[in-house]
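Under the numbering used here, the first residue of the sequence shown is numbered 4, with each subsequent residue one higher.
Each residue gets a CB set at the ideal place from its N, CA and C atoms; glycine is no exception.
Computed from a predicted structure; not experimentally measured.
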Amino acid sequence: MIMLLARLQSLTTIALIPVSLLIPKMSSLPVVAGNADWNQFDVCITEIAQYGVEQDKAALACSDALIPKELSQCVTMINGATPIEGDDALSACYQVRRPIDLGHCVADIYNAIPNLSLTSTETSTENLPTTLTEPFLLTLLTACRASLRPGHYSECVIAVNRNLPDVTPIKALNMCLAAEDFPSALFPVHEP
């Protein structure tokens with residue numbers, strides 16, 4: 004009987020540990036007094052508006068997003084890691100199925116490649132937004148958005164840039180994006 008009581012006491016002690024010690028703090032959510040009934044749309048609009056995006060534009064994007072908190076997290080990741088404008092980040096994040104993967108792709112490549120000052124002759128700017136001032140950032144955002152597997156793509160770009168010193172970052176972006184198609188140079192198609 005004493006063993007049973009001792010066992011029950013140890014189990015109840017575990018139950019008394021505050022839940023806040025077991026769950027990591029959610030630092031990405033804004034804390035606003037009096038708004039306890041906020042939902043993911045409120046959070047999305049507020050977070051995106053912090054980066055210079057007009058609130059009505061943020062509201063429209065968040066209302067149309069499948070998972071609004073992922074959309075705002077993508078914009079937050081891109082804006083926190085790069086000098087890309089909030090409107091451009093929102094436009095790119097809005098156009099992909101996996102916005103968090105896009106955010107990681109842009110941030111990882113930007114942080115891993117130290118020589119980002121490139122000439123504008125290395126980029127093709129047709130069909131791209133014109134609000135970015137540096138061509139590499141525009142190309143980086145567009146390439147990550149065009150990639151089918153942004154995580155795999157960013158690893159490829161970083162590795163190519165690291166291991167081939169003669170290849171510019173723009174060429175590394177293009178090489179890895181072209182490699183996502185079936186690599187016909189390595190595996191030529193044989194006609195029967």
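Asked: Under 8 Å: do the stretch 68-77 and the stretch 45-58 share three or more Cβ pairs, one atom per stretch?; Found: yes
Asked: In chain order, what residues of the same chain have a beta carbon less than 7 Å from the beta carbon of Met80, not counting five sequence neighbours either side?; Found: Gly106, His107 and Ala110
Asked: Taking the CB atoms as reference points, tell me whether Ala175 and Asn164 lie closer together than 8 Å.; Found: yes
Asked: Please confirm whether Cys47 has its beta-carbon closer than 8 Å to some beta-carbon of chain B.; Found: This model lacks chain B altogether; it includes just one protein chain.
Asked: DSSP on Ser150, reduced to helix/strand/coil?; Found: coil
Asked: Got a sec, what are the start and stop residues for the alpha helix (DSSP H) Gln76 sits in?; Found: Pro71 to Ala84
Asked: With distances taken from CA atoms, which of Asn42, Thr85 and Asp90 is nearest Ala64?; Found: Asp90
Asked: Start and end of the alpha helix (DSSP H) containing Asp40?; Found: Careful: Asp40 lies outside any alpha helix (DSSP H) and carries neither H nor E.
Asked: Does the distance from the C-beta atom of Leu151 to that of Ile112 stay below 8 Å?; Found: no
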